[in-house]
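Trainee: In UniProt numbering, the protein residues as written are 502 to 779. The beta-carbon is built from N, C-alpha and C at its ideal position, and this holds for glycine as well. Since we're looking at a predicted model, the values are computed, not measured. Sharing a structure below in structure tokens format, with a few things to ask.
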Ligand code: C2E
Ligand code: CA
Ligand code: CA
Ligand code: CA
């Protein structure tokens with residue numbers, strides 16, 4: 502007998518099914534992925550508002566499949582996290598980032614590259630050892646690298662996260678709390694996680710010029726973080742109005758399309774390293 506009537510037990514709407522298929526397809530493509538042929542890194546500059554000098558860059562992973570399709574990280578990172586492939590991808594990112602950085606000419610103030618770490622990476626037992634090995638292999642100092650974590654990834658096991666981050670910090674690596682404000686109980690995490698920078702999520706910056714509520718929130722985050730001795734970076738800055746407002750609120754650094762889009766290494770070298778004050 503047919504158990505489900507037409508409108509009963511219909512848990513999956515067509516778009517949900519499409520989503521499941523897409524996830525399965527990405528998982529398959531990830532299994533076959535050849536990093537050297539399909540992956541590359543983009544570098545998005547961070548700017549110190551003080552003096553408008555280059556502060557460093559965030560490393561963002563890019564993927565073009567053998568079919569020539571570019572799959573955005575928002576789509577494939579969660580799948581890679583789910584399947585565990587993120588560990589392999591993540592170490593590839595770190596190695597490429599270290600290699601690229603070692604190639605760049607020494608700056609008066611060392612350029613800092615920020616690398617995103619997802620939950621599985623953060624809780625990988627070999628994380629700290631492998632970071633140290635890569636750093637030494639490429640002759641870098643810990644201060645040249647920063648790791649970005651989110652509250653939600655740290656929350657999986659707060660004690661463990663605090664322990665791992667504490668080790669990285671003791672070694673001299675920079676640590677930032679990404680997407681700040683979007684998680685649960687952000688304020689209590691700010692107290693317990695040993696980070697030195699807070700990255701205010703783009704969603705708070707977007708309407709900052711017109712939305713009083715958002716402006717008050719951002720002002721409070723900046724004040725609070727500053728009082729805790731943390732640097733504050735605003736993400737997703739797209740207009741000069743936002744930039745001026747953030748500056749007047751005492752924000753330290755900005756990142757966003759207004760300053761520059763994420764750029765491939767060669768373009769970063771010519772358009773940023775070659776011409777920017779730093
Ligand atoms: P995220 O860490 O929050 O990175 C910032 C995202 O905002 C990037 O998207 C960047 O291209 C985008 N963005 C920067 N400035 C602006 C702006 O002014 N306006 C707008 N609308 N967007 C801006 P992307 O590169 O697509 O990366 C998306 C997410 O994927 C990242 O968010 C991060 O969570 C994840 N991701 C990217 N690369 C890696 C990686 O190597 N490892 C891990 N674990 N995650 C990564
Ligand atoms: Ca990030
Ligand atoms: Ca972010
Ligand atoms: Ca994010």
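Within 7 Å of any Cβ in chain B, is that where the Cβ of residue 710 sits?
Mentor: Looking for chain B here will not work: only one protein chain is present.
Trainee: Expressed to the nearest angstrom, what Euclidean distance is found between the alpha-carbon atoms of residue 505 and residue 521?
Mentor: Bear in mind that a pLDDT of 47 at residue 505, under 50, signals an unreliable position, so the model cannot answer this.
Trainee: Using a threshold of 6 Å, is the CB atom of residue 757 nearer than that to any non-hydrogen atom of ligand 1?
Mentor: The answer is yes for residue 757.
Trainee: Consider the C-beta atom of residue 625 and the heavy atoms of ligand 3; say whether any pair is separated by less than 6 Å.
Mentor: No, Cβ of residue 625 sits at least 6 Å from all heavy atoms of ligand 3.
Trainee: In chain order, what residues of the same chain lie with their CB nearer than 7 Å to the CB of residue 723, ignoring the 5 residues before and after it?
Mentor: Hits under 7 Å: 733, 750, 751 and 752.
Trainee: Kindly indicate which three-state DSSP category residue 502 falls into: helix, strand or coil?
Mentor: With a pLDDT of 44 at residue 502, under the threshold of 50, the modelled position of that residue is not reliable, and no figure is offered here.
Trainee: Does the segment 581-598 come into contact with the segment 618-629, if we say contact requires no fewer than three beta-carbon pairs (one atom in each stretch) closer than 8 Å?
Mentor: The segment 581-598, when compared against the segment 618-629, does touch it at the 8 Å Cβ threshold.
Trainee: Use the C-beta contact count for residue 710: other C-beta atoms within 10 angstroms, 16 or more gives buried, fewer gives exposed.
Mentor: Under this definition residue 710 is an exposed residue.
Trainee: Return yes when the C-beta of residue 647 is under 6 Å from any heavy atom of ligand 1, and no when it is not.
Mentor: Checking the Cβ of residue 647 against ligand 1 gives no.
Trainee: Mind checking whether residue 684 and residue 736 have CB atoms under 7 Å apart?
Mentor: In this structure, residue 736 does not lie closer than 7 Å to residue 684 by Cβ.
Trainee: Measure the alpha-carbon distance for residue 561 versus residue 698 and round it to whole angstroms.
Mentor: Straight-line Cα distance between these residues: approximately 18 Å.
Trainee: Measure the Cβ-Cβ separation of residue 608 and residue 714 and say whether it is below 7 Å.
Mentor: In this structure, residue 714 does not lie closer than 7 Å to residue 608 by Cβ.
Trainee: Compute the minimum distance between the beta carbon of residue 736 and the heavy atoms of ligand 3, and state whether it is under 6 Å.
Mentor: Within the cutoff, so yes.
Trainee: Using 8 Å as the cut-off, can you tell me whether the segment 621-628 makes contact with the segment 654-662, which would need three or more C-beta pairs spanning the two stretches below that distance?
Mentor: Touching, yes.
Trainee: Kindly indicate which three-state DSSP category residue 615 falls into: helix, strand or coil?
Mentor: In the structure shown, residue 615 sits in a strand (DSSP, three-state: E or B).
Trainee: Give me the Cβ distance between residue 644 and residue 675, rounded to the nearest whole Å; I'm assuming they're in contact under 8 Å.
Mentor: So it is a contact: roughly 7 Å between Cβ atoms.
Trainee: By Cβ distance below 8 Å, which residues in the same chain neighbour residue 553 in space, the five residues on each side in sequence not counted?
Mentor: Excluding residues within five positions, the ones whose Cβ falls inside 8 Å are 778.
Trainee: Report the rounded CA-to-CA distance for residue 719 versus residue 706, giving the unit in angstroms.
Mentor: Whole-angstrom Cα-Cα distance: 8 Å.
Trainee: Sorry if obvious, but does the Cβ on residue 753 come closer than 6 Å to a heavy atom of ligand 3?
Mentor: No, Cβ of residue 753 sits at least 6 Å from all heavy atoms of ligand 3.
Trainee: When you compare only the Cα positions, how much space is there between residue 543 and residue 585?
Mentor: The straight-line gap from Cα to Cα measures roughly 23 Å.
Trainee: If residue 759 sits next to residue 771, beta carbons under 8 Å apart, how far is it from one beta carbon to the other, in whole angstroms?
Mentor: Between residue 771 and residue 759 the Cβ distance is about 20 Å, and since that is not below 8 Å, they are no contact.
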